[in-house]
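Engineer:
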Amino acid sequence: LLPIPILDGGHLLYYLIELATGRPLRDPALAGEWRPLKDGRSGPPIQVSADCSVRWPEDDGGIYTTTLEGFELGGSRYFVFTPTVADRLMSADDDMRRKAPKDSVFIARYRIDGDTAQVWLADPDEAMRQEAMHSPAKGQANAVQLDGSNVHIQGSRDAIAELLRARGDAIFAPKPDGKGVMRLQRV
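In this text, residue positions in the sequence shown follow the working numbering: the first is 6, and each later residue adds one.
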């Protein structure tokens, strides 16, 4: 994979997912300023414009700007990130981009309830359990665990859509301990 975002294999999947779902999801409900909530404290605000351009505060005090891309499938909303974008948003020090399989994407499910948003990461244990129970045949999407906490999805647009229709609820189920969920409060 190349460090140039447009040549990052995951960008190709963005366009394929747009074709599968009819259009990219640029959710107007996301517009505004959001504060991440963690351990009862709030972090620096994340700013999202009406076209889903986002200004994401980084650990070093800088701001990373990108566009939130996603899709809706069966009533569930998902963000899709290339490995390069996921690296920056999760402060992964280039690990995801280097380890991610070619043409894979990082997917997160989200829900907005009033002024609160929740974003679920794929549960690595459940993703791998589902993978073992439903070994993908040639042409099907598969979940690829990069390390103990990050899962990328690899496959064609149709295969990824089918994987999420069939097993998305299990892969993105909230854990009882709340791990793997980012909570945001609209400011």
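Yeah, the Cβ is synthetic: ideal placement off N, Cα and C, and Gly gets one too.
Straight-line CA distance for residue 181 to residue 188?
Structural biologist: One C-alpha to the other measures close to 15 Å.
Engineer: Residues in its own chain within less than 8 Å of residue 151 by CB, not counting five upstream and five downstream?
Structural biologist: 100, 101, 104, 105 and 157, listed in sequence order.
Engineer: Smallest Cα separation from residue 59: which of 165, 168, 81 and 94?
Structural biologist: Ranking 165, 168, 81 and 94 by Cα distance to residue 59 puts 94 first.
Engineer: Closest by CA to residue 56, which one among 72, 62, 63 and 47?
Structural biologist: With distances taken between Cα atoms, residue 56 lies closest to 72.
Engineer: For residue 78, which residues in the same chain have their Cβ closer than 7 Å to its Cβ, ignoring the five residues on either side in sequence?
Structural biologist: Excluding sequence neighbours, residue 78 sits near 26, 166, 169 and 170.
Engineer: Could you check whether residue 113 and residue 84 sit closer than 8 Å to each other, using their CB atoms as the reference points?
Structural biologist: Going by C-beta atoms, residue 84 is nearer than 8 Å to residue 113.
Engineer: Span of the beta strand (DSSP E) holding residue 149?
Structural biologist: It spans 147-150 - the beta strand (DSSP E) in which residue 149 sits, taken as one unbroken run.
Engineer: Determine the DSSP secondary structure at residue 31, reduced to helix, strand or coil.
Structural biologist: Three-state DSSP puts residue 31 in coil, outside helix and strand.
Engineer: Who are residue 154's beta bridge partners in DSSP?
Structural biologist: None; residue 154 has no bridge partner.
Engineer: Starting from residue 113, follow the beta strand (DSSP E) in both directions and report where the run begins and ends.
Structural biologist: Taken as a continuous stretch (DSSP letters only), the beta strand (DSSP E) holding residue 113 covers 109-118.
Engineer: Can you tell me whether residue 121 is buried or exposed? The criterion is at least 16 other CB atoms within 10 Å of its CB, across all chains shown.
Structural biologist: Per the 10 Å Cβ criterion, exposed.
Engineer: Can residue 190 and residue 54 be called in contact, C-beta distance under 8 Å?
Structural biologist: It is not a contact, given that the beta carbons lie outside the stated cut-off.
Engineer: In whole angstroms, what separates the C-alpha of residue 37 from that of residue 108?
Structural biologist: If you take the alpha carbons of residue 37 and residue 108, they lie about 31 Å apart.
Engineer: Could you have a look at residue 192 and say whether DSSP puts it in helix, strand or coil?
Structural biologist: Residue state, collapsed to three classes: coil.
Engineer: List the DSSP bridge partners of residue 68.
Structural biologist: According to DSSP, residue 68 bridges with 62.
Engineer: Please name the residue or residues paired with residue 177 in a DSSP beta bridge.
Structural biologist: Bridge partners of residue 177: none, in fact.
Engineer: Which value, in whole angstroms, describes the spacing of the CA atoms of residue 49 and residue 40?
Structural biologist: When rounded, the distance between both Cα atoms is 6 Å.
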